[in-house]
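Following: one structure in structure tokens, then a few remarks.
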């Protein structure tokens, strides 16, 4: 059974000097999910707007940062691979709206769905498909406590600091 877990800025503290501590921190502050084979991807509920940038940080199995996926009214991006203007269907969403959206990277194809409708689809070039095919962990960056993601226990494992309060950063629901 799935449940909602709140998430905000769960990106690790990169000021740590010890690399192993930094990697451990990334594991504790991220969710394990094999995104290259996941049938569900990542489902998030968040605010949409010109200034509200929804960002998911993607990591390999060891906690090394691969890059960020981000989108807003202005654009859609995947570090090193995609940077484009958002399609009209995204720009037409009223600012401040709270929407359910889904990111899928299965089979080397990036898909963004909003409210169950696919609004963006891009087959990644081979170099990008190979890089992001290694995405096994994710966390969120710059999102508020009002945001949440759908935790699918059958294919996800939460890091130690991923809980309903985001390790105490947000109030309990």
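Numbering (the numbering used here), first residue to last: 61 to 233.
C-beta: ideal position from N, C-alpha, C; glycine also.
Q) For residue 44, does the count of other Cβ atoms within 10 angstroms reach 16, so buried, or fall short, so exposed? A) Beyond the ends of the chain as shown, which are 61 and 233, falls residue 44; an answer cannot be given.
Q: Can you check DSSP and say which residues form a bridge with residue 112?
A: BP columns for residue 112 are empty, so no partner.
Q.
Let me check understanding here. Comparing Cα to Cα, which of 169, 215, 201 and 194 lies closest to residue 122?
A. 194
Q.
Quick check: the Cα distance between residue 177 and residue 149, rounded to an integer number of angstroms?
A. 10 Å
Q: May I have the straight-line CA-CA distance separating residue 159 from residue 107, to the nearest angstrom?
A: 6 Å
Q | Where residue 207 sits in the DSSP three-state scheme | A | coil
Q: Have a look at 133, 117 and 134 and flag the residue whose alpha-carbon is nearest the alpha-carbon of residue 126.
A: Cα-wise, what sits closest to residue 126 is 117.
(Q) According to DSSP, is residue 158 part of a helix, a strand, or is it coil? (A) strand
Q | residue 191 vs residue 169 beta-carbon contact at 8 Å | A | no
Q. With distances taken from CA atoms, which of 101, 100, 187 and 152 is nearest residue 139?
A. 187
Q. Can you pull the DSSP bridge partners for residue 107?
A. The partner list for residue 107 (beta bridge, DSSP) reads 158.
Q) Is residue 73 helix, strand or coil by DSSP? A) Since pLDDT at residue 73 reaches only 32, below the 50 mark, its modelled position is unreliable, and the value read off the structure follows with that caveat. Coil at residue 73, not helix or strand.
Q) So is residue 93 buried or exposed if we call it buried at 16+ other beta carbons inside 10 Å? A) buried
Q: May I have the straight-line CA-CA distance separating residue 129 from residue 96, to the nearest angstrom?
A: 14 Å
(Q) Can you list, in chain order, the residues of its chain with a C-beta nearer than 7 Å to that of residue 175? Leave out the 5 residues immediately preceding and following it. (A) 159 and 160
Q) If you draw a straight line from the alpha carbon of residue 131 to that of residue 157, how long is it in whole angstroms? A) Residue 131 and residue 157 have their C-alpha atoms roughly 14 Å apart.
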